[in-house]
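Just below is one structure, and these are the notes that go with it.
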Amino acid sequence: MDIGPLPKIRFAKAAEAVAGLDLSPEAKKRLTPAITPGAFLKALLEEELLVDAIRLMAIALPRREAVWWACLLARRCIAPDAPPEETAAIEAAEAWVYRPTEENRRATFAPAQALDFRTAGSYAALAAYWSGGSIAPPEAPVVVPPGDGLTGTAAAAAVLLAAATVPAKAALRHRGALERAIDIANGGSGRVGDDGGEDGAAS
156 MDIGPLPKIR FAKAAEAVAG LDLSPEAKKR LTPAITPGAF LKALLEEELL VDAIRLMAIA
216 LPRREAVWWA CLLARRCIAP DAPPEETAAI EAAEAWVYRP TEENRRATFA PAQALDFRTA
276 GSYAALAAYW SGGSIAPPEA PVVVPPGDGL TGTAAAAAVL LAAATVPAKA ALRHRGALER
336 AIDIANGGSG RVGDDGGEDG AAS
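Here the numbering used here runs 155 ahead of the position in the sequence shown, where the first position is 1.
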């Protein structure tokens with residue numbers, strides 16, 4: 156998989172991006188103090204450490220791009236019997252991506268909560284909610300900013316849960332998801348393969 160220059164990656168060193176992540180032992184062996192996110196991603200792909208690569212990209216992408224990535228996978232892999240709340244959560248997250256206002260950010264929490272934070276759509280919405288501002292109630296007198304890695308953590312959860320909706324296709328979907336993330340990191344829309352189902356999303 157050609158990864159390109161990845162100009163949108165927001166960290167100079169991979170260690171900065173994954174500082175709060177519990178990577179697999181195999182991934183940790185590839186992580187050196189000076190390695191760049193691109194070089195680390197390439198190493199993870201070569202070793203087929205796709206879950207570690209997904210978690211890296213979810214953190215390393217800018218928050219808005221990470222949420223968009225989560226939305227793409229959540230929508231593409233939505234189960235035929237998914238409740239309407241799943242679509243509502245994805246739409247709320249997409250609304251924030253299209254117009255990242257405080258009002259739209261706040262509006263992502265209720266649909267995520269309605270799904271008990273268990274689905275790809277709920278985590279896509281939660282990724283948007285954790286993108287900035289305050290996570291305290293609107294009427295609270297204090298501002299409680301979300302942690303830097305929360306959006307990425309939720310985005311990765313959305314991608315992984317989307318892949319898991321058809322377990323037999325999980326590995327294929329992981330690779331397809333990474334192709335989309337790489338496209339986004341290189342300035343693309345992330346819609347690679349939408350005409351051919353290369354990531355196994357269509358079942």
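All residues carry an ideal CB built from backbone N, CA and C; glycine is no exception.
Sequence-distant residues of its chain with Cβ nearer than 6 Å to G304 (five each side left out): Here residue 304 corresponds to residue number 149 of the sequence shown, with the count starting at 1. The residues are G175, I214.
Contact set for A178: own chain, Cβ-Cβ below 6 Å, skip 5 residues either direction: Walking along the sequence shown from the start, residue 178 turns up at place 23. Ala is not the amino acid found at residue 178; the sequence shown has Leu there. If we look at L178 and ignore the five residues flanking it on each side, its Cβ neighbours are D207.
P300, DSSP secondary structure in three states: As a position in the sequence shown, residue 300 is number 145, starting the count at 1. If DSSP states are grouped into helix, strand and coil, P300 belongs with coil.
Inter-stretch contact (C-beta, 8 Å, three-pair minimum) for the stretch 159-168 and the stretch 187-197: yes
Other residues of its chain near A172: CB distance less than 7 Å, five sequence neighbours each side excluded: The residue you call residue 172 lines up with position 17 of the sequence shown. The residues are F166, P192, L211, I214, A215.
Proximal residues to L316 (C-beta, below 7 Å), its chain only, five neighbours per side dropped: Start at 1 with the first residue of the sequence shown, and residue 316 comes out as number 161. T274, A275, Y278, listed in sequence order.
Where the alpha helix (DSSP H) containing D207 begins and where it ends: Position 52 of the sequence shown, counted from the first residue, corresponds to residue 207. Here the alpha helix (DSSP H) through D207 covers 205-215.
V297 classed as buried or exposed, judged by whether at least 16 other C-beta atoms fall within 10 angstroms: Locating residue 297 in the sequence shown gives position 142, where the first residue counts as 1. That one is exposed.
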